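The structure appears right after this line, and notes come after that.
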Amino acid sequence: MNNNEVLGSINFGGRTAEDEADNLRRIFVETDQWQKVNTGEIDVIYGAKGSGKSAIYSLLQEQKPLSLRSSRIVVAAENPRGAPAFRDLEMDPPASEKEFVELWKIYLLTVLADIFPRHNIRNEFSYKTASILKDAGLFQPESTLGEKLKAAAAYVKRFFRSFDVGVEVDPVTGTPRASIKPVRPVPAEDKPLSVSPDKLLEMADQALLRSNFEAWICIDRLDVAFEDSIELEANALRALFKVYLDLTARQHIRLKIFLRSDIWRRITDQGFREASHITKTLTIVWSSDQLLNLIMKRLLQSEKLLFGYGVERPTVLADIVLQKKLFYRIFPAQVEIGPKERSTWEWILSRTQDGTGSNAPRELIHLMIAARSIQLQQLDIGQNALQADQLFSSAAIRDALKEVSKVRLEQTIFAEHPRLRPSIAQLEGEKTYQTITTLSRLWGTDESSTVQRVDELVQIGVLERAGKKNTLEYRVPFLYR
Numbered sequence: 001m002n003n004n005e006v007l008g009s010i011n012f013g014g015r016t017a018e019d020e021a022d023n024l025r026r027i028f029v030e031t032d033q034w035q036k037v038n039t040g041e042i043d044v045i046y047g048a049k050g051s052g053k054s055a056i057y058s059l060l061q062e063q064k065p066l067s068l069r070s071s072r073i074v075v076a077a078e079n080p081r082g083a084p085a086f087r088d089l090e091m092d093p094p095a096s097e098k099e100f101v102e103l104w105k106i107y108l109l110t111v112l113a114d115i116f117p118r119h120n121i122r123n124e125f126s127y128k129t130a131s132i133l134k135d136a137g138l139f140q141p142e143s144t145l146g147e148k149l150k151a152a153a154a155y156v157k158r159f160f161r162s163f164d165v166g167v168e169v170d171p172v173t174g175t176p177r178a179s180i181k182p183v184r185p186v187p188a189e190d191k192p193l194s195v196s197p198d199k200l201l202e203m204a205d206q207a208l209l210r211s212n213f214e215a216w217i218c219i220d221r222l223d224v225a226f227e228d229s230i231e232l233e234a235n236a237l238r239a240l241f242k243v244y245l246d247l248t249a250r251q252h253i254r255l256k257i258f259l260r261s262d263i264w265r266r267i268t269d270q271g272f273r274e275a276s277h278i279t280k281t282l283t284i285v286w287s288s289d290q291l292l293n294l295i296m297k298r299l300l301q302s303e304k305l306l307f308g309y310g311v312e313r314p315t316v317l318a319d320i321v322l323q324k325k326l327f328y329r330i331f332p333a334q335v336e337i338g339p340k341e342r343s344t345w346e347w348i349l350s351r352t353q354d355g356t357g358s359n360a361p362r363e364l365i366h367l368m369i370a371a372r373s374i375q376l377q378q379l380d381i382g383q384n385a386l387q388a389d390q391l392f393s394s395a396a397i398r399d400a401l402k403e404v405s406k407v408r409l410e411q412t413i414f415a416e417h418p419r420l421r422p423s424i425a426q427l428e429g430e431k432t433y434q435t436i437t438t439l440s441r442l443w444g445t446d447e448s449s450t451v452q453r454v455d456e457l458v459q460i461g462v463l464e465r466a467g468k469k470n471t472l473e474y475r476v477p478f479l480y481r
């Protein structure tokens, strides 16, 4: 077996679902969590960055053989690639959470109206829904998501902000009464919706019922859409979940929301009473065997590897024991050599885990991609430390971790939490284990400020708690060392 040729034939794919859309179906790991989403048991999918939310989102968009019922229509309400449709809202966002609720409802209605003619949903309810939206200037067939959102935002701005709805007290009787005061005049040529968005959603639901369809509206990439404004993000997402709860009354319109776990925690930490009513949820968690299967599926795409090791893809993928045996033919037994050191797979999992204790496929795949590149470079210059029929050396795996750590820190942590960058940077060259006292000294902060900052770093996984309550320490995970 020519190690160079076999290694060169391996393709671990892209680190993100967007990067490997064409190959995703062949290498996707159909976990029990995927089955729950696919059968409709779950509406809200939480997960750490890189955990596989977008992979599930992407596969749900496909109408081909994924055991989807023929009556199910899956439609994206956010662009799976490129600029997010909601990014433009940062320039002139809705003025309140309530206004955001109306925006979401109108926007989702325009998304629904677009699927009616595409799927031959033709009945009195579909015609009336589309007609009312069109009269209000909200429906242009085959318009982009960005154009739909822009029209919905402009409508809400024109009509929702034109009146101030409140409560005032009658000066004579002292009785409270609703108060609706014009804030600005509405141009005569502007036509509002003839019925409320809630009534329109009811009509759209009836349109789907009459044609025996169920619409799944999927929303992903919300972390990217509102990444520059935490306040805007909070308003948008609280409003979205309120709309989700309103839609539970509809039988044929289902909202599927894909959201990062840390963002959900941030929203609920600020207070969100409706959170307890959101029950059809799951958080993506990967077991060791599932992650191994994910890597083996990618390795076994190589025909040269199959031939070189004399194995058959279906046979190996059907047996986790065979997958482990083949893994240790391809990889060394240990990265760090010694009787007390971890096995290679355990070492890899421990090194790609952040402080929250989660292993995301993204870092694992990145480690494999980097190790393959390093190993090929070593073979090209005649540096061959491979044993037996192995394809990867301990050195290549160890060196690959440096690149993974650097990219994770710079492209994820620093990019998403720029305010915390100076504090994190000051940890460089310091001891792995720290206390509140040593961190206060390092950062030049008082104890209260230090505790607050440490809590933030623990939440994003840059630090993890260690020790007991009376002797609490904080350590930097291997991933960031």
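Quick note on numbering: the numbering used here labels position 285 of the sequence shown as 285, and the sequence is numbered without any gaps. Even glycine gets a Cβ: it sits at the ideal position worked out from N, Cα and C. Because the structure is a prediction, the values reported are computed rather than measured.
Between the C-alpha atoms of residue i and residue j, what's the straight-line distance to the nearest angstrom?
i	j	result
D198	L391	60 Å
F307	S373	22 Å
F12	A204	43 Å
Q353	H252	40 Å
S394	W345	12 Å
E97	Y107	15 Å
R329	E303	16 Å
R342	T110	55 Å
Q301	F241	40 Å
Q434	R465	10 Å
K256	Y309	42 Å
A400	P361	15 Å
M368	V285	20 Å
R69	T268	The predicted model places R69 with a pLDDT of 46, which falls under 50 and marks its position as unreliable; any figure quoted below should be read in that light. Cα to Cα, R69 sits roughly 34 Å from T268.
P185	A154	Residue confidence for P185 is low, a pLDDT of 49 falling below 50, so the modelled location carries little weight and cannot support an answer.
L376	T144	44 Å
V195	D135	11 Å
N293	N123	47 Å
M296	F327	8 Å
V321	E473	38 Å
F226	K150	16 Å
R81	T471	47 Å
H119	E142	13 Å
V316	Q323	6 Å
E202	S126	11 Å
W503	R210	Since the first and last residues shown for the chain are 1 and 481, residue 503 lies out of range.
R421	Q270	23 Å
S58	R475	36 Å
With 16 as the cutoff for other CB atoms within 10 Å, does residue i come out buried or exposed?
i	result
N2	exposed
V165	For V165, the predicted model reports a pLDDT of 47, less than 50, meaning its position is unreliable; a value from the coordinates is still stated below. The residue in question, V165, is exposed, as its Cβ has fewer than 16 Cβ neighbours within 10 Å.
E245	The identity of residue 245 in the sequence shown is Leu, whereas the question assumes Glu. Under this definition L245 is an exposed residue.
M91	exposed
N384	exposed
S440	buried
D319	exposed
G382	exposed
R221	buried
S405	buried
A275	exposed
I337	exposed
E233	buried
A95	exposed
K105	buried
D380	exposed
K53	buried
Of the residues the options, which one's Cα is nearest the Cα of residue i?
i	options	result
E403	A415, H366 and Q378	H366
S358	N4, E336, A48 and E41	A48
P93	C218, R118, G429 and K157	K157
V6	R265, L60, L299 and V74	L299
T129	Q377, I217, Q206 and N235	Q206
L349	L479, T281 and V451	L479
R273	L292, A239, D262 and A55	A239
Q387	P332, E363, R419 and E428	P332
R260	L379, E416 and L133	E416
L247	A83, H277 and R265	H277
I73	P84, S54, G355 and Q61	Q61
P498	F213, T412, Q290 and E147	Outside the shown range of the chain, which is 1 to 481, sits residue 498, and nothing can be said about it.
Q459	I397, L442 and I263	I263
According to DSSP, what are the bridge partners of residue i?
i	result
Q353	N359
V451	In DSSP, V451 forms no bridge with anything.
W216	V74 and R254
Y244	For Y244, which the question treats as bridged, DSSP gives no partner whatsoever.
Y474	Q434 and R465
R260	G47
Is any heavy atom of the ligand MN found at a distance shorter than 7 Å from the C-beta of residue i?
i	result
L103	Absence of the ligand MN is noted for the structure shown, with no ligands found whatsoever.
*What are the complete beta strand (DSSP E) segments, minimum 3 residues, inside the segment 88 to 172?*
163 to 169
*Entirely within the segment 277 to 303 and at least 4 residues each: give me those alpha helix (DSSP H) ranges in chain order.*
288 to 299
*Which whole runs of the alpha helix (DSSP H) in the segment 383 to 469 are 4 residues long or more, in chain order?*
394 to 407, 421 to 425, 436 to 443 and 447 to 459
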